[in-house]
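Remarks on the structure that follows.
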Amino acid sequence: MNTRTQPKPRTATPSAAPARPRTTQPMPVLPTAPEAPGWTHRILPATLRRGMAALGWWQNPTPQKPSGHLAQTLDVLRTYGWCQSLDVSPTGRMCIRGAQQLLEKTGHVTPTARERAVAYMQETLTDAGIQMSFFTWNDLPGQTFPTVEKLLVKAAYKARANGE
57 MNTRTQPKPR
67 TATPSAAPAR
77 PRTTQPMPVL
87 PTAPEAPGWT
97 HRILPATLRR
107 GMAALGWWQN
117 PTPQKPSGHL
127 AQTLDVLRTY
137 GWCQSLDVSP
147 TGRMCIRGAQ
157 QLLEKTGHVT
167 PTARERAVAY
177 MQETLTDAGI
187 QMSFFTWNDL
197 PGQTFPTVEK
207 LLVKAAYKAR
217 ANGE
């Protein structure tokens, strides 16, 4: 017979645990990055793709609003990698502007919605006291991807709050 007893697990009193704030609204589901466009999508001009779509031979993606475009831009950067000084690096990494160009070229955003998204990024930078264009800010020495992420997330939520 074993005379040892198992120690009781130690638990904290309920008042010792920090209270967690309850969220009343679920986080919105943001669009994800598109898959890498196939060779046909890269080679065929947009006008030809639109004509083929009109005939039912091609499926174009649904263009996103500015908030969705900013979320997709962030997802593209997470998927393909972030870089500075080049829109697209030789290894396929992209800066913010390069990711936006990819999304516009593949039909995931209209030029007007992209301009609105840029305006939200510029407004977010201005709120932080930065008076330069977003692509210049992206290329600053010492810039990191986490700060780029913060910019895109804040701009996306600002756009969403304005209904875009």
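For this note's numbering, count along the sequence shown from 1 and bump the result up by 56.
Idealized CB from N, CA, C, for every residue including glycine.
Asked, Found
"Tell me the residue span of the alpha helix (DSSP H) that contains arginine 149.", "Looking at the DSSP string, arginine 149 is not in any alpha helix (DSSP H), and its letter there is neither H nor E."
"Please state the DSSP three-state secondary structure of tryptophan 193.", "helix"
"Alpha carbon to alpha carbon, what distance is there between proline 167 and glycine 112?", "24 Å"
"When the distance is taken between beta carbons, is arginine 153 closer than 9 Å to phenylalanine 191?", "yes"
"Do the CB positions of alanine 155 and proline 119 come within less than 9 Å of each other?", "no"
"If proline 117 and arginine 172 are in contact, beta carbons under 8 Å, what's the gap, nearest whole angstrom?", "Not confirmed; about 18 Å, so no contact."
"Quick check: the Cα distance between valine 209 and glycine 148, rounded to an integer number of angstroms?", "23 Å"
"In terms of residues, what are the limits of the alpha helix (DSSP H) holding threonine 200?", "From DSSP, threonine 200 is part of no alpha helix (DSSP H); its letter is neither H nor E."
"Determine the DSSP secondary structure at glutamine 120, reduced to helix, strand or coil.", "strand"
"Can you give me the start and stop residues for the alpha helix (DSSP H) that aspartate 143 sits inside?", "Element bounds for aspartate 143: n/a, residue is neither H nor E."
"Take serine 145 and list the residues in its own chain whose beta-carbon comes closer than 7 Å to its own, dropping the five residues that flank it on each side.", "Cys139"
"Suppose the cutoff is 6 Å on Cβ atoms and the five residues either side in sequence are ignored; what does the same chain contact list for glutamate 160 look like?", "Arg170"
"Can you say whether threonine 182 is buried or exposed, counting buried as having 16 or more other CB atoms within 10 angstroms of its CB?", "exposed"
"Please name the residue, chosen from Leu158, Thr162, Val132, that lies closest to alanine 102 on a Cα-to-Cα basis.", "Thr162"
"Could you name the residues of the same chain whose beta carbon sits closer than 7 Å to that of asparagine 194, not counting the 5 residues immediately before and after it, in chain order?", "Gln140, Cys151, Ile152, Val204"
"Return the CA-CA distance between alanine 212 and alanine 127, expressed in angstroms with no decimal places.", "6 Å"
"Exposed or buried, what is glycine 185 when buried is set at 16 or more other beta-carbons lying within 10 Å of its beta-carbon?", "exposed"
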